[in-house]
Ligand SMILES: Cc1cc2nc3c(=O)[nH]c(=O)nc-3n(C[C@H](O)[C@H](O)[C@H](O)COP(=O)(O)OP(=O)(O)OC[C@H]3O[C@@H](n4cnc5c(N)ncnc54)[C@H](O)[C@@H]3O)c2cc1C
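Encoded structure:
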């Protein structure tokens, strides 16, 4: 019996796999998504839903800008819950404000091609500095906490669990085939070996996140791709007002590309690491998003290795809750706890064709919700014209409206 044939087979039903299927669908490709779970349960439903394009640089910024447009399109066409919220950043010390000021200055000189496509807003609006009272007016902080802050208006917020379900349903309703509870054991040029039998594919996109080391161990080892584990909480808390946008803190400024490239970040890193070795040891990124039901996602910590222990130390949760209380002056009640895992490597992305027609696509740092749809679009655009396929109805109305 010959294998069923597809133009494109995608391995993995997370945001990057769905992004590849979305790109294939819009080009009229016969597309199959193979996902080992009965639904997506990976990093794409375990994150903050923070689509933080502004603090990205280089390739991440390019993928992020494309992804931003695709998220907006999916909000309109697929019923994805999306807030054009921007990002808020609270600065609790002068050295945190210095990082924000330096980025605001740098972005005021951004070339037009690099600007956010936000209703023609000038580049200088990308990072809007806030003084202490403006910050306190926009974020329900404990009294006296902020010395200033910033608003990054172009950023977005999704609800990860809702988004993955909505995009999956949207694609399934428009001709993308899904095979859930189906594991992929091997991928060779033109053939994907699944636990339900082989399928033939002109091109395969492997979007299995950290599990790329299961299908392509030598690639993961050569490129230094390991796993990063994260502790997360969802809490209820009596904040003085809703959180109008995802909230970053000084700890976040140590991480994202554009903040981390400032000269001011060195003094900030030295101070935070000197003052708080306990939080440094957790590799904290203190940040928050509020979901439509009012609950708050609280995180996160980071620990890396070829394997991630499933046993989450309670010290991490204690630290996250203590820092929450100090920042907001409100006592949180834990509703859920979970561990997230993502691929982590020296580069920000894995974008490689190790075998003819076999494409590996992953975010190898924690920015795949922000950039993943753009990465997937880039990967599929790179080979779609080479596919020899029976024309299928294209869904132009989505792509061009
Ligand atoms: C706690 C946490 C917070 C984060 N916060 C943010 C954030 O706010 N903003 C942001 O931009 N990014 C964030 N990230 C990063 C982002 O979530 C990831 O980069 C992104 O979701 C990765 O998408 P993916 O599709 O590659 O992986 P996943 O969502 O993990 O999907 C991979 C899928 O592949 C499937 N799979 C694996 N192997 C096989 C196989 N052999 N056969 C079949 N199926 C297979 C898995 O079951 C899984 O469903 C966060 C990540 C975590 C963990």
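Residue numbers (my numbering): 1483 to 1883.
The beta carbon of each residue, even a glycine, is placed where N, CA and C say it ideally should be.
Check	Outcome
For the alpha helix (DSSP H) that contains residue 1498, what are its first and last residues?	1497-1508
In angstroms, rounded to a whole number, what distance separates the CA positions of residue 1656 and residue 1514?	12 Å
Taking Cβ to Cβ, would you say residue 1849 is nearer than 9 Å to residue 1770?	no
I'd like the span of the beta strand (DSSP E) that includes residue 1540, first residue to last.	Per DSSP, residue 1540 belongs to no beta strand (DSSP E); it is in the alpha helix (DSSP H), 1540-1560.
Return yes when the C-beta of residue 1589 is under 8 Å from any heavy atom of ligand 1, and no when it is not.	no
Just grab the DSSP bridge partners of residue 1719 for me.	Per DSSP, none; premise fails for residue 1719.
Just to confirm, is the Cβ distance from residue 1582 to residue 1611 under 9 Å?	yes
Name the one or two DSSP bridge partners that residue 1670 has.	1673
Checking the sheet assignment: what are the DSSP bridge partners for residue 1822?	1712
What do you reckon, is the C-beta of residue 1800 under 8 Å from a heavy atom of ligand 1?	no
Rounded to the nearest angstrom, what separates residue 1723 and residue 1687 at their Cα positions?	43 Å
Let me know the alpha helix (DSSP H) ranges lying completely inside the stretch 1811-1862, each 4 residues or longer, listed in chain order.	none
Near residue 1774, which residues of its chain fall below 7 Å by C-beta distance, leaving aside the five closest residues on each side in sequence?	1563 and 1641
Pairs of beta-carbons, one from the stretch 1834-1847 and one from the stretch 1691-1700, closer than 8 Å: are there three or more?	yes
Looking only at C-alpha atoms, which of 1574, 1616, 1784 and 1661 sits nearest to residue 1808?	1574
What residues in its chain sit with their C-beta under 6 Å from that of residue 1860, if we drop five residues either side in the sequence?	none
Does the Cβ-Cβ distance between residue 1731 and residue 1571 come in under 9 Å?	yes
Report the residue from 1750, 1521 and 1576 whose alpha carbon sits nearest the alpha carbon of residue 1648.	1521
Are the CB atoms of residue 1628 and residue 1608 nearer to each other than 9 Å?	no
Sorry if obvious, but does the Cβ on residue 1840 come closer than 8 Å to a heavy atom of ligand 1?	no
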